[in-house]
Structure formats: C-alpha cells, structure tokens
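So the sequence shown is numbered by the working numbering: it starts at 8 and just counts up by one.
Note that CB positions come from ideal geometry on N, CA and C, so glycine has one too.
Keep in mind that this is a model prediction, so the values were computed, not measured.
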Amino acid sequence: MKSLSQQVVSMKPSGIRRFFDLAQTMENVVSLGVGEPDFITPWNVREASYAALEQGYTAYSANAGLLELRQEIASYMTDRFGATYDPATELIVTTGASQALDIAFRALLNPGDEVIVVEPAFVSYGPLIELAGGTVVPVACRPENGFRLNRDDVEAAITERTKAMLLCFPSNPTGATMTGEELTEIAELATKHDLWVVSDEIYAELSYDEPFTSFATLHDMRERTIVVNGFSKAFAMTGWRLGFTCAPEVVTREMLKVHQYGMMCAPTLVQFGGLEALRSRDQHVPKMVKSYRQRRNYFIQALNDAGLPTHVPGGAFYAFPSIRHTGLTSEEFAERLLLEERVAVVPGNAFGASGEGFVRASYATSVEQLQEAIRRIDRFMKQFEVTTTT
Ligand code: PMP
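This is the structure:
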C-alpha cells in the first residue's frame, strides 16, 4: 500500500483523548475533563429544529447559511458587542467554531506563513494551522500575569514571515480574560506589523468580571480580523455543531469557497435551532452565566484551600491550577489523580509546552460533583503536604 499523508501520520492525537479513554474504562469517576456545558439545550431551541423538520426544511441552505440566521447573527454582533457586519457578504455559518477556524486558516495561509498562537491554547489550533500549510509560533501567557498576554512577548515573536495572530480570550484552558485596553496594545502590533488576527470569541458571553471586548471593535481591527464564534458554549449546543465567522468581504469571499467545497452548508435543521437560540438568548444565557459564575467562585476558592494554587479565571468555565509543588509532571498528576481518586482532569501540557506545571479542570458540572471532586482532591493532596513544608 502506498503511504498515507506524512503530515497527518506525524500528527499526535489530542492529549485529552488518552485520559477520556482511560476514564471511560473506570467506574465512579468525577469528570472535570470535558470542555462542555452541563446544561441541555433549552427546549424552545430544540423545538424550533423539530418544527423545521416537520415543515420539511430538509434541503441545503445557502452556502453561507440561512439568510435569516445571518441577519440575526449580524444584529447579535451589533447589539451585544457593537460590531457591524453585512449579513450578505461578511458572515458565514459554519459547522461549529472548529470549522470556522479551519476555513479561516485555509483562506489566510501560504506554505511557510507563521501564525502567532497564544499559549496555553485550545488543542485544535496547532494541527489546523499546520494542515493549512502554516507554522505555529507559540507565545506563552505568563502565570504570574494571570495568563494575560504581554505585548512585548508578542512583538519578540514577530518575524517577516508572520501572517497572523490567533487570540482567544476568555481562554481555554486558562480562563484568562483581557480588558479592552490590554487588547488595544496587542491591536497596535497588528497594525504596526500588518498582521491578520483570528479572534476566537467562543467564550465571549462567559465573561464574569469585566465586559467583553470583541477584537474587531478596536481601532483599525475590523478590516484585519476574522472573528470566530459559535453556539456550543454560551447556548449549550456543543452537539449541534454550529458556529460562524465575521470578517471583511475580501477574506469572507475566500473562506466561503473553502466552506462551499468542503461542507456545502451547515445542517439546515440545526441553523433553525441557532436562529431560535439567538432570538431567545435573554431568556437563557444570563441564567447560565450566573450559574457558571457561582460555580467558579466556589470552585476556585476550594481548589486553593485544597492546596492547589489557582488564579481566578475571569471567563470560560475552566480552572487552571498549578501543580508544580507536587514535583509531578502534569501528566503524572492527572494520571495519579484519576487512578487514585477517580477525578479526571486534563494535563496542562496538552495545551502546549507552557501549560506544563498545570492541569485543567472544568467546572461546568453540578455543584454536587464539584464538591465531591474537591473532597477527593483534598484527600489526594494530603500526600504532598510533607513535600511542601520541607
Ligand atoms: N475554540 C475554543 C477555544 C474551544 O474551547 C472550542 C471547544 N472546546 C472550540 C473553539 C470549538 O467549538 P465548536 O464546538 O463550536 O466547534
């Protein structure tokens, strides 16, 4: 048999998967491993897709998505974030933020182009950039800075070949947020070095302490930013696979070609659900956000009390505690916590080298489960007390 794609064969499977597979074989596991809401999609949203099915909407939609949905997304972007987009030429409805990222990189990159990736980062970024022919240049967010991005660190990584920066605030896995002022410093670099920006704003709604700033609304950024967003997190719709891009027409036109040939369109029934989710968002999103905020407040304090120093994440639904003082690597820590106490977390190195020394624990699970996890973590951490006091 002829050999398969070298690039794909040499790709490592996601570092999260191994722990999922191990946890699947065990009973009585408290899972803080998955990055998805514990809410079921609100009933009226499910009903809207159900009604669309009954009414026979079983055909393709326009490649860019149902016009009605794009109009609703445009209003949402304006009302919620103050960003204005033309639904006819600047929006594409995708199958999740994942596909939005894929078409963004394929439209932007030539072989050898460098993309600055803010790390620790979501596991898909690197592979998607490489599949599109790009090279990843990681820039670490420093723990002592609450995992916020430092302007000088970014500038030091820029070369002649840098094409784009990929930002994600609130961040998966750290939960860090950046204020509008802090982001403005990064935006100035994009102007100065003529860079594209891909801004993954999937956790925009899940900002607990400061108002969220969409990168495209900063000075000079609208014309050089591809905003990626989706329904998975804020609307509790991970399994629906629905997302979107907002970007100027010059790049939307090119992304649409990739989307058209690779996907045709996002599933039509699912788009009807998305439409209802946006229309009824005031009924649902604030309640879910309030609940995540309460869980964050409880969980971060409890982790710190249990001996795992954890910065307070301003958004998303992840805690990113330091495990350095245990003397274990993040993989050893995660494996032992799973085997000894049956709590599943994700080793920080799954999110890039700068994630070593940390683990990611999602608090998008019930308070009872979180309390049980804390009881077990507390017990697990007792064995390291000696190490910390000697
Ligand atoms: N970006 C980030 C930062 C994420 O955490 C995720 C999901 N874990 C995605 C994108 C992908 O989201 P979707 O379900 O919309 O494909």
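Buried or exposed (CB count within 10 angstroms, at least 16 for buried), residue i
i      : result
Val15  : exposed
Trp50  : exposed
Thr1   : No information on residue 1 is available, as it lies outside the stretch 8 to 397 that the chain covers here.
Leu346 : exposed
Lys240 : buried
Tyr67  : exposed
Met18  : exposed
Thr169 : buried
Gln278 : buried
Ser56  : buried
Asp159 : exposed
Thr65  : exposed
Met172 : buried
Ser206 : buried
Val257 : exposed
Ile381 : buried
Ile47  : exposed
Pro316 : exposed
Leu60  : exposed
Pro274 : buried
Leu11  : exposed
Asp244 : According to the sequence as given, residue 244 is Met; it is not Asp. Buried is the call here.
Thr333 : buried
Gly63  : exposed
Glu339 : exposed
Glu392 : exposed
Glu79  : buried
Gly72  : buried
Ala360 : exposed
Contacting residues, own chain, Cβ-Cβ under 6 Å from residue i (five flanking each side not counted)
i      : result
Ala424 : Residue 424 is absent from the structure shown; the chain starts at 8 and stops at 397.
Ile110 : Met262, Val265 and His266
Gln31  : none
Ser250 : Before going further, note that residue 250 is Gly rather than Ser in the sequence given. Thr101, Gly103, Ala104, Ala107 and Gly237, listed in sequence order.
Gly362 : Pro127, Gly355 and Asn356
Glu379 : Val37
Pro6   : Given that the chain is displayed from residue 8 to residue 397, the structure contains no residue 6 and the question cannot be resolved.
Glu230 : Pro255
Ala1   : The shown model of the chain, from 8 to 397, leaves out residue 1, and the question about it has no answer.
Gly133 : Val143
Gly43  : It should be pointed out that residue 43 corresponds to Glu in this sequence rather than to Gly. So the list reads Thr245, once near-sequence residues are dropped.
Cutoff 7 Å; reference residue i; Cβ partners in own chain excluding five residues on either side
i      : result
Leu29  : Leu345
Phe365 : Phe327, Pro328, Ser329, Ile330, Ser337 and Gly355
Gly321 : Pro177, Gly182, Ala183, Thr184, Ser214, Tyr215, Asp216 and Glu217
Tyr92  : Ala81, Met84, Leu98 and Cys253
Glu162 : Leu196
Met270 : Thr102 and Gln106
Val125 : Val146, Cys148, Leu156, Leu173, Leu174 and Cys175
Phe26  : Gly40, Ala341, Leu345, Ala351 and Val353
Leu76  : Val100, Gln278, Gly281 and Leu282
Val296 : Glu212 and Leu213
Arg113 : Ala139 and Val265
Leu74  : Pro94
Thr166 : Glu121
Proximal residues to residue i (C-beta, below 8 Å), its chain only, five neighbours per side dropped
i      : result
Arg260 : Thr96
Asp45  : Ala371, Thr372 and Ser373
Val292 : Glu212, Ala241 and Phe242
Leu116 : Val122, Ile136, Ala139, Gly140, Gly141, Lys170 and Ala171
Ser221 : Met84, Phe88, Gly89, Ala90, Ser206, Glu208, Ala211 and Val234
Ile23  : Gly40, Val130, Val353 and Ala357
Glu189 : Arg155 and Leu156
Thr186 : Glu217 and Thr220
heavy atom of the ligand ATP below 7 Å from residue i C-beta
i      : result
Ala128 : This structure lacks the ligand ATP; the ligands present are the ligand PMP.
May I have all residues whose beta carbon comes closer than 6 Å to any heavy atom of the ligand PMP, sorted in chain order? Cβ atoms closer than 6 Å to the ligand PMP belong to Gly42, Gly103, Ala104, Ser105, Phe129, Cys175, Asn179, Asp207, Ile209, Gly237, Ser239, Thr245 and Gly250.
At a cut of 8 Å, does the region 195 to 213 reach the region 269 to 287 through at least three beta carbon pairs? At 8 Å Cβ cutoff, the stretches do not touch.
Contact the region 323 to 330 vs the region 176 to 183: 3+ CB pairs below 8 Å: Yes, the region 323 to 330 touches the region 176 to 183.
Taking three-plus beta-carbon pairs below 8 Å as touching, is the region 381 to 388 in contact with the region 312 to 325? Judged by pairs of C-beta atoms under 8 Å, the region 381 to 388 touches the region 312 to 325, as three or more such pairs exist.
Contiguous beta strand (DSSP E) assignments of at least 3 residues, all confined to the region 214 to 253: Assignment of beta strand (DSSP E) within the region 214 to 253, counting only whole runs of 3 or more residues, yields 232 to 237 and 250 to 253 in chain order.
Sequence ranges, beta strand (DSSP E) only - wholly within the region 102 to 184, length at least 3: DSSP runs (the beta strand (DSSP E)) wholly in the region 102 to 184: 121 to 126, 142 to 147 and 169 to 174.
Whether or not the region 151 to 166 and the region 300 to 310 are in contact is what I'm after, with contact meaning three or more pairs of Cβ atoms, one per stretch, closer than 8 Å; do they touch? Touching, no, given that fewer than three Cβ pairs across the two stretches are closer than 8 Å.
Could you give the uninterrupted runs of the alpha helix (DSSP H) lying entirely in the region 287 to 321, keeping only those of 4 residues or more? Unbroken alpha helix (DSSP H) runs of no fewer than 4 residues, entirely contained in the region 287 to 321, are found at 288 to 312, following chain order.
Taking only runs that begin and end inside the region 344 to 396, name each unbroken alpha helix (DSSP H) of 4 or more residues, in chain order. Listed in chain order, they are 374 to 388 and 392 to 396.
Runs of alpha helix (DSSP H) wholly within the region 38 to 70 (minimum 4 residues, chain order): Fully enclosed alpha helix (DSSP H) runs of 4 or longer: 50 to 61.
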